[in-house]
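Each remark here refers to the structure printed beneath this line.
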Amino acid sequence: MIASIAFRKFKALRNTRVALAPFNLVIGPNGSGKTSLIESVMRLKTLAKLPLATGAASRQRADGPAIEFNFAPPHEGITAQLGCVSDLVCDTLRIIPEEAAGWAALRDELADLRSYTLQPEALAGAAQRADGARLSSSGHNLAAVLAHLRSAAPAAFAGMRAELFRIVPEFAGLELVEEGGQVSFALQLTEGGQVPADELSQGTLCLVAVLALAFDPDPPRVLCIEEIDRGFHPRTLREVRDALYRLSHPRSAGLDRRPTQIITTTHSPYFIDLFRDHPDEIIISKKQGRAAQFSRLSDRADLGELLGEGSLGDMWFSGILGGVPEER
Amino acid sequence: MKLALLSESPADEAALRVLVAAVLGGQPQFVAPGYRARGWPNVAQLMPAVLRHLHFNTDADALVVVADADDTVVHDARHEAPGYFHPQCRLCQLRAVHRQTVKKLPPAQGRGRVVRAIGIAVPAIEAWYLCGRDPGVTEAAWIEGRVEGRAPYTRAELKLRVYGTDRPSLPHEIACALREVGRQRSDVRRLENDFPGFALLAADLRAWTPSANKR
């Protein structure tokens with residue numbers, strides 16, 4: 000979907016470009032532009048809904064803040080430029096060429112970008128039953144999304160439940176309770192009894208949310224998730240990665256559907272370890288002073304030798320790969 | 000006999016349980032959950048702690064360890080000479096780790112030491128899975144290819160042949176691993192012949208006797 004993003008003077012991203020793959024795991028220290036990358040994608044979505052900036056007035060100062068998007072086929076001929084009034088705020092969208100024939104179709108696809116920062120407290124709450132078509136960015140309507148999935152796509156709901164109970168075998172049932180237009184959920188214990196959502200562990204709640212996204216029969220074009228490892232035991236991270244691969248590489252899961260481009264971030268060396276076979280999926284954000292640069296792990300010439308010496312996570316932590324906090 | 004497994008993934012562990020049982024000719028009791036390493040060199044780094052834990056805190060008799068060789072030196076007959084140690088051979092390294100660790104431990108739990116069975120999959124455990132299905136995949140073919148400066152296959156190709164995708168889900172990976180070792184469980188002689196790194200594991204397992212680790 001999105002082939003690349005170039006940043007100029009936007010927050011910590013002073014002058015850098017990142018090429019995006021179907022799956023992108025962004026790693027780096029705090030304040031190195033990981034969230035800014037996701038914010039830029041969501042800003043593109045917002046501005047694409049508004050009238051485009053046109054004419055000479057829309058052109059940015061040559062050296063001013065800007066973000067430029069290029070797209071994968073069939074939209075490779077269109078460039079989208081976000082114009083920024085400061086290095087924090089972008090408020091106009093211009094496309095090049097201005098009369099691009101494919102813009103209407105691309106704009107429709109850009110409306111289908113989603114970003115998540117899953118909040119366990121929000122995930123556990125009751126939700127309006129009618130609010131279940133799409134998981135909200137914090138996941139506050141998870142119960143409604145589960146209810147919607149159950150009624151609108153029972154096979155997908157059954158698949159999601161089966162996967163959840165396989166990963167967390169102490170549970171054997173998912174109960175949805177509807178009352179007064181609100182819905183809440185609970186998990187039934189294999190040994191009897193049930194645990195209401197607000198008593199579930201944070202990791203279990205996040206797992207339910209990730210699986211709800213992974214089994215959505217109509218997933219978004221681009222899915223951004225901050226801190227994907229949040230709350231998960233390191234041994235469960237493989238299942239989380241697999242759930243995301245189900246979206247980004249549906250054929251690998253035996254699904255005949257359009258892939259969802261994934262952009263996610265982590266600070267977990269254990270999650271990074273899982274990309275030994277696909278180092279091309281790791282983007283490292285390196286920060287020097289206040290400026291950050293993106294690079295692909297697979298761009299390293301000595302990657303083959305490095306992979307023979309140790310785990311990716313350990314190497315990242317050591318600083319060999321870059322993307323670690325500066326020390327004085 | 001009670002065994003512990005140290006492996007690199009749940010799929011490896013599931014397959015190794017079958018292969019170990021096939022070699023021993025019966026279903027041993029396994030310590031659960033299995034111990035997990037995050038690839039090399041984490042296997043070697045963890046092994047002393049796992050051995051100490053097993054020795055003092057459990058009634059396990061033995062530890063089974065299997066790691067991938069990747070592109071490292073492959074263990075051969077010369078490495079079996081008394082006192083020989085090849086620093087780039089993972090089997091030599093793991094045997095040394097076991098030797099160095101257990102020799103310092105006093106008797107505990109009614110036994111002298113936790114014995115070991117160590118195997119190295121060349122270049123990866125997926126090659127074992129393909130044994131008997133793909134005659135071009137053998138330890139000898141790998142060594143010969145490396146001598147000629149051209150590996151006959153890559154780890155990624157082996158995974159693709161076993162799983163049909165380069166991004167298998169864990170259940171799919173386990174199902175494929177169990178399917179392949181299930182094909183071999185009734186007779187592991189071909190696996191021992193084509194993969195000396197497995198034959199050494201089998202030899203270690205067969206060397207165990209009820210009195211092997213008694214004081």
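Heads up: the sequence lines are chains V and S, in that order. Read the first sequence against numbering that gives the first Met the number 0 and you will find it ends at 327, with the numbers running on by one and no gaps. Read the second sequence against numbering that gives the first Met the number 0 and you will find it ends at 214, with the numbers running on by one and no gaps. No residue lacks a Cβ here, since even glycine has one placed at the ideal position from N, Cα and C.
Which one of the options has the shortest CA to CA distance from residue i?
i	options	result
V/A79	V/A65, V/D86, V/V88, V/L87	V/A65
S/A126	S/A68, S/N41, S/N56, S/A31	S/A68
V/R7	V/P168, V/L51, V/F293	V/F293
S/L200	S/R35, S/Q87, S/P9, S/A120	S/A120
S/E156	S/Q26, S/Y128, S/L93	S/Y128
S/K102	S/G109, S/Q108, S/V113	S/V113
V/S39	V/G82, V/I77, V/P72	V/G82
V/P21	V/P278, V/E304, V/E162, V/L305	V/P278
V/C223	V/V182, V/M41, V/G63	V/M41
V/E326	V/K286, V/L306, V/G307	V/K286
V/T53	V/I261, V/G288, V/E97, V/Q260	V/E97
V/A213	V/T116, V/T45, V/L163, V/F270	V/L163
V/R237	S/K1, S/R94, S/S8, S/D75	S/S8
V/G202	V/D228, V/D86, V/F316, V/E75	V/D228
S/L62	S/V146, S/A116, S/T71	S/A116
How many Å lie between residue i and residue j at the Cα?
i	j	result
S/D165	S/L159	5 Å
S/R205	S/H54	21 Å
V/P119	V/L210	14 Å
V/A171	V/A154	17 Å
S/L177	S/A13	7 Å
S/R154	S/A123	6 Å
V/R245	S/L5	29 Å
S/N192	S/R98	27 Å
V/H232	V/S267	11 Å
S/H52	V/I319	32 Å
S/V73	V/K48	60 Å
S/G38	V/G309	7 Å
V/R106	S/Q92	58 Å
V/L122	V/P195	12 Å
S/G82	V/S114	59 Å
V/T263	V/I166	21 Å
S/E79	S/C175	33 Å
V/I152	V/R256	The question names Ile, yet the displayed sequence has Ala at residue 152 of chain V. Distance between the alpha carbons of V/A152 and V/R256 is about 15 Å.
V/D217	V/I261	15 Å
S/Y162	V/G288	45 Å
S/T137	S/G196	11 Å
V/R250	V/S31	33 Å
S/W207	S/L104	19 Å
V/E174	V/A125	13 Å
S/N56	S/Q26	23 Å
Would you please state the rounded distance, in angstroms, between the beta carbons of residue i and residue j? I believe it to be under 8 Å.
i	j	result
V/L141	V/A208	5 Å
V/L109	V/L51	With a Cβ gap of about 12 Å, V/L109 and V/L51 do not count as contacting.
V/L12	V/I1	About 15 Å; that fails the 8 Å criterion.
V/A146	V/E177	7 Å
V/P28	V/P324	4 Å
V/S3	V/V25	Their Cβ separation, rounded to whole angstroms, is 14 Å, which puts V/S3 and V/V25 out of contact at 8 Å.
V/I94	V/W102	6 Å
V/R275	V/L296	Between V/L296 and V/R275 the Cβ distance is about 10 Å, and since that is not below 8 Å, they are no contact.
S/A66	S/R89	6 Å
V/L188	V/E169	6 Å
Is any beta-carbon of chain A found at less than 8 Å from that of residue i?
i	result
V/E97	Within the model displayed, chain A is absent; protein chains V and S are what it includes.
For residue i, list the residues DSSP reports as bridge partners.
i	result
V/N23	V/I262
V/Y244	The partner list for V/Y244 (beta bridge, DSSP) is empty, contrary to what the question assumes.
V/Q292	V/K285
V/S114	V/C223
V/I4	V/V17, V/F68
S/K1	S/Q28
S/A116	S/V63
V/I95	V/T78
V/A126	V/V182
At 9 Å on the CB atoms, spell out the chain S contacts of residue i, in chain order.
i	result
V/H248	T164, D165, R166
V/D107	None at all; the shortest Cβ gap to chain S is about 28 Å.
V/R234	P9, P32, R35
Can you list the residues of chain S that residue i reaches, using a CB-CB cut of under 7 Å?
i	result
V/A154	By Cβ distance, chain S contributes nothing, its closest Cβ being about 17 Å from V/A154, past 7 Å.
V/A252	S168
V/E238	L169
V/S310	R37, G38, N41
V/Y244	R166
V/D330	The structure shown does not extend to residue 330 of chain V, since chain V spans only 0 to 327, so no value can be given for it.
Using a Cβ cut-off of 8 Å, pull out every chain V residue sitting near residue i, in sequence order please.
i	result
S/D70	G307
Chain S partners of residue i, CB-CB under 8 Å?
i	result
V/D276	R154, A155, K158, D165
V/R165	P170
V/D272	R37, G38
V/D255	Near V/D255 there are no residues of chain S at all, since even the closest Cβ is about 14 Å away, more than 8 Å.
Is any heavy atom in the ligand NAD found nearer than 7 Å to the beta carbon of residue i?
i	result
S/A107	Because no ligand of any kind appears in the structure shown, any question about the ligand NAD cannot be addressed here.
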